[in-house]
Structures are given as structure tokens and as C-alpha cells.
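To start, the structure under review is shown below, and the notes come after it.
Residue numbers (the working numbering): -13 to 209.
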């Protein structure tokens, strides 16, 4: 299981905790974790924080970062419609079961990506922003390098299995902090515990939001 949590401990203090548990033979370490004070950068705990491992759906944090950046730059709006390709619709679960040729708004896509962890939506976003998922993954890796995620490589937008898609607990923590700091106007999406799409209510995979007082995000991922 891979999980990430960003918790507000008080009005002036926030900590980012990343816990990675991996069950792949290629993994450098079975578990990795890091706890950081977002305000000061102080590290309170780390274990195998720089070992490279498969990030699973934590990948969607970078997909979300790219989408937030496009919003901030004015290239898209929350009401912008994104077309669903046949390739996007064929992605395995977790998904919204989007029909090819249909469309989804950026606002709905954000909620689906964060709350439902929808793989089909991740590809819709990738194709809208990058033309193809492969090109978008290259942009994701470039962005990762630019914000100091020096041991991270992306090969897709969803986090579906790819042995060359690797990151570390420290790098994911850096991404979490950048999401928190760079896009305060959009950070509230990570605190959603449910959303409704076409009459179906989807619950968040992040149980910390319901079970841990003060938790405000960010993302979970599972192997």
C-alpha cells in the first residue's frame, strides 16, 4: 500500500507524511517514509526516503499539478471541456467509465482524479494538455526535475504499472509541498471525501480524511 497525507496540526503548522509500502521484487526497499514540517522544512522522520520505488496512483499528484498550472497560466478554465478518446475510455479501473467521444469538464476531472483516482480521467487530462499520454509523461518528468524531484521518472499519467516509472518518498513530499504552496486556491479539492458524477456518488479512497482529525489531503495509491 502507498499512502500520502498532509495534515494541518494548527493554524500555523502543517506536516506532510509519506508512507510507502511496496511489494515489488524490483523495489529498493519494502517501506519508505518521511515526515516534514511544510512551514519550516524541518524533517521529523525519514526511512529509505531516497530509495526509488513505484509510485502507483501518487503519480496523479503530478498530473493534478500540471492541470493546476494550466489553470493558473490561463490556458484552460474550470469549465473547459476535454474530449474522451477511445484509448482513455479503455483504461482499467479505477475509472469513471467514460464513453469515447464524450467530454468532461476540467472541474469534474479534478474531482474524479483526486477523489475517485480515475485512470480514464488521467489519460483525458494527459491528452488534452500534452497531445498524447507519452508526450505528457515527458512533460511531467521535466516538471519534476524543475521542482527538485531529481530521482523521479514518469511514463504515464495514471500510475498504472510501468517498471520505469519511479519516485522516492522525498520527491513525493516535495511535490506535496509544492501543490500546497503553489495552488492554495485549488488545494481544497484534496479535502473532498466524495463527489457525484452522472447520478453516482464516489467516495474518496483517502480514509485519513474521515478517520484522522485535521487531515486535509493529499492522495493515496495502491499496488
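All C-beta atoms in this analysis are idealised placements derived from N, C-alpha and C, irrespective of residue type, glycine included.
Point to revise | Bounding residues of the beta strand (DSSP E) (the contiguous stretch that carries residue 203) | key: 201 to 203
**Study point:** Collapsed DSSP secondary structure at residue 198 in the structure displayed
**Key:** coil
Review point. On the three-pair Cβ rule with 8 angstroms, is the stretch 59 to 76 touching the stretch 133 to 141?
Key: no
Exercise for review: Any chance you could list the beta strand (DSSP E) runs of at least 3 consecutive residues sitting entirely within the stretch 124 to 167, in chain order?
Suggested key: none
Check your understanding: Cα separation between residue 193 and residue 168?
Key -> 25 angstroms
Point to revise | Coil, strand or helix - residue 0 by DSSP | key: Confidence is the limiting factor: at residue 0 the pLDDT is only 46, short of 50, which leaves the residue's position unreliable, though a coordinate-based value still follows. In this structure, residue 0 counts as strand in the three-state DSSP scheme.
Practice item. Following the continuous beta strand (DSSP E) through residue 181, name the residue where it begins and the one where it ends. Key: 180 to 183
Check your understanding: For residue 196 and chain D, any beta-carbon pair shorter than 8 angstroms?
Key -> The chain labelled as chain D is not found in the depicted structure, where only one protein chain is given.
Check your understanding: Is there contact between the stretch 155 to 169 and the stretch 39 to 52, where contact requires at least three CB pairs shorter than 8 angstroms?
Key -> yes
**Study point:** 8 angstroms CB neighbourhood of residue -3 in its chain, flanking five on each side removed
**Key:** Legend: pLDDT at residue -3 = 31, less than 50; position of this residue unreliable, value from coordinates given subsequently. Excluding positions up to five away in sequence, the list is empty.
Point to revise | Bridge partners - residue 89, DSSP secondary structure assignment | key: 69
Review point. What's the gap between the Cα of residue 188 and the Cα of residue 80?
Key: 11 angstroms
Exercise for review: Give the single residue among 206, 180, 164 whose Cα lies nearest to the Cα of residue 51.
Suggested key: 164
Review point. On the three-state DSSP scale, how would you describe residue 10?
Key: Confidence in residue 10 is poor, its pLDDT being 44 and thus under 50, which makes the residue's placement unreliable; the coordinate value appears in the next sentence. Coil.
Exercise for review: For residue 97, collect the residues of the same chain with a Cβ closer than 6 angstroms to its Cβ; drop the 5 residues on either side in sequence, then sort them by chain order.
Suggested key: 181
Exercise for review: Taking residue 202 as the reference, give the member of 101, 178, 185, 191 with the closest Cα.
Suggested key: 178
Point to revise | residue 192 in three-state terms, based on DSSP | key: coil
Check your understanding: Would you report the Cα separation of residue 48 and residue 196, rounded to the nearest angstrom?
Key -> 24 angstroms
Point to revise | residue 118, DSSP secondary structure in three states | key: coil
Review point. What did DSSP end up calling residue 61 once you bin it into helix, strand or coil?
Key: coil
Check your understanding: Which residue from 107, 118, 172 puts its Cα closest to that of residue 95?
Key -> 107
Practice item. Going by CA-CA distance only, name the one from 100, 183, 142 that's closest to residue 176. Key: 100
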